[in-house]
Each structure stands twice: as structure tokens, then as C-alpha cells.
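Student: Protein chains in written order, with the working numbering: chain F, 703 to 815; chain R, 7 to 121. Glycine residues also receive a C-beta, built at the ideal position from the N, C-alpha and C atoms. Every value quoted in this text rests on a predicted model; they were computed, and no experiment measured them. Shown below is the structure under consideration.
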Amino acid sequence: GNSVTQMEGPVTLSEEAFLTINCTYTATGYPSLFWYVQYPGEGLQLLLKATKADDKGSNKGFEATYRKETTSFHLEKGSVQVSDSAVYFCALSDPGTASKLTFGTGTRLQVTL
Amino acid sequence: NAGVMQNPRHLVRRRGQEARLRCSPMKGHSHVYWYRQLPEEGLKFMVYLQKENIIDESGMPKERFSAEFPKEGPSILRIQQVVRGDSAAYFCASSQSGSGANVLTFGAGSRLTVL
Numbered sequence: 703g704n705s706v707t708q709m710e711g712p713v714t715l716s717e718e719a720f721l722t723i724n725c726t727y728t729a730t731g732y733p734s735l736f737w738y739v740q741y742p743g744e745g746l747q748l749l750l751k752a753t754k755a756d757d758k759g760s761n762k763g764f765e766a767t768y769r770k771e772t773t774s775f776h777l778e779k780g781s782v783q784v785s786d787s788a789v790y791f792c793a794l795s796d797p798g799t800a801s802k803l804t805f806g807t808g809t810r811l812q813v814t815l
Numbered sequence: 007n008a009g010v011m012q013n014p015r016h017l018v019r020r021r022g023q024e025a026r027l028r029c030s031p032m033k034g035h036s037h038v039y040w041y042r043q044l045p046e047e048g049l050k051f052m053v054y055l056q057k058e059n060i061i062d063e064s065g066m067p068k069e070r071f072s073a074e075f076p077k078e079g080p081s082i083l084r085i086q087q088v089v090r091g092d093s094a095a096y097f098c099a100s101s102q103s104g105s106g107a108n109v110l111t112f113g114a115g116s117r118l119t120v121l
């Protein structure tokens, strides 16, 4: 079956540091890949997505590239801010359906001044 | 333009009681999904509903759990005779349709604690 593996947190960085959160997946076919972010006390928000190999999703300075050869979708940001402190979830969905997202366990990011 | 609204945000029940969690989808969304997050785990799909129909309940435990999305009113996830292992965060999401082109919008979750 489908599965998503994320690096364990918490990840603690100083403001303006470079961020990488690793995500690898196992799936049949060609899934769509997502990063969701959950700020304290809020629901999950879609951060970015990619629907086919070599696609790059980007939003708010975050980027992730769909790498089929390495089955990865690592999240990166060149310069993090304190306001980026949150829990980040990598997820995939089967082609043609939005209903069954498979999530990773989440990675907590803490950014300090 | 309210997002997905879930209530209650926190619910405490004793073993054997019933828990009811409510979810109002975003305006214009007719598809509702429930996910459960157990401690230290990722979110796991439970059930997918449209108005008055259960489309996919492959992630629902076979006993004690049920879900509905009536023609009028919110979607409800019902857990009968709760046990300690039901303690978790339950997230509701909605979308305009069920196709892969649509993105799920999540609520803030309902955190159930079973004493």
C-alpha cells in the first residue's frame, strides 16, 4: 500500500537559516504529492503540491520537486522566519482521487531569533 | 468566508460513553472527509461522504464508529462506547468535488480524550 516517510522532528533553526524537510514515499502508479502546514491551534493548510514527475510546487518561499527516480518530495526554504514555526505534513493521493490522502507523521519546525 | 468548522474543539468522555463530532464544510463544498490522528502518528483516512451518501468508508473501524452527512446540517462522526484507544485528534476536510484536481480544506480538528 501507499506510505509516506518524513524526517523526525523537532527541527530547530535560527531565523534566516536554510530549511530542508525530507519526505520519501511508496506508491503504485503516479500519485500527486502535497505539503500541508499546521500552525498552532489551526487546521491543516495546503502549502504546495505537484501532480507529476519533475513538477516543482512553490508557495511562500517554500519549494518541493517531485522526484520519481528517488521517490522523494523534499521541502526546502532558503531563509526561514519565526512565523514559519509550525508542523509540516507530507502527503500523497492516488491519481484521480482527492479522497484518500496518505500522510507522513509530520515534522515540527521551531524557528528562533 | 468561513472555512471548515469543527466542534467541539475538545471533548472529554469516560469509557463507555458516546462521542459526537460535528463538521460543517466550506461554503460550496459538498464532499466531506474524516481523518484521525493518533498520538505520534500521521493522519489516517476514515471515511468520505457526500450529502446523504457514504462514498468510501474503508478506513472506518468495523464497530462503534459511524458517520453521516445529512441533506441539511453538518456531517457527524459518532463513536459509541468509547475506549481509551479512541483518544485522538479527528480532522474533517471538505472539497468541491472528489476528483484528484481538487484540494482538501481541513478544519482545526476535534480532540477527543477518553478517561
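Consult DSSP for R26/R and reduce its assignment to one of helix, strand or coil.
Tutor: Correct three-state label for R26/R: strand.
Student: Using the three-state DSSP reduction, which class does R117/R fall into: helix, strand or coil?
Tutor: Here R117/R sits in strand by DSSP.
Student: At a Cβ threshold of 9 Å, is L803/F touching chain R?
Tutor: True, the Cβ-Cβ gap to chain R drops below 9 Å.
Student: Determine the closest residue to F112/R out of R19/R, Y41/R, V88/R and E24/R, with distance taken between C-alpha atoms.
Tutor: Cα-wise, what sits closest to F112/R is Y41/R.
Student: Would H35/R pass as a contact of T119/R if the rule is Cβ separation under 9 Å?
Tutor: It is not a contact, given that the beta carbons lie outside the stated cut-off.
Student: By the DSSP assignment, the beta strand (DSSP E) with H19/R in it spans what residues?
Tutor: Note on identity: in this sequence residue 19/R is Arg, with His being the wrong assignment. From DSSP, the beta strand (DSSP E) with R19/R extends over H16 to R19.
Student: Can a CB atom of chain R be found closer than 9 Å to the CB of F791/F?
Tutor: Yes - at least one Cβ of chain R is within 9 Å of the one on F791/F.
Student: List, in order along the chain, the chain F residues whose C-beta lies closer than 7 Å to that of G115/R?
Tutor: The answer, in chain order, is G745.
Student: Which partner residues does I60/R have in the DSSP bridge list?
Tutor: Beta-bridge pairing links I60/R to L55/R.
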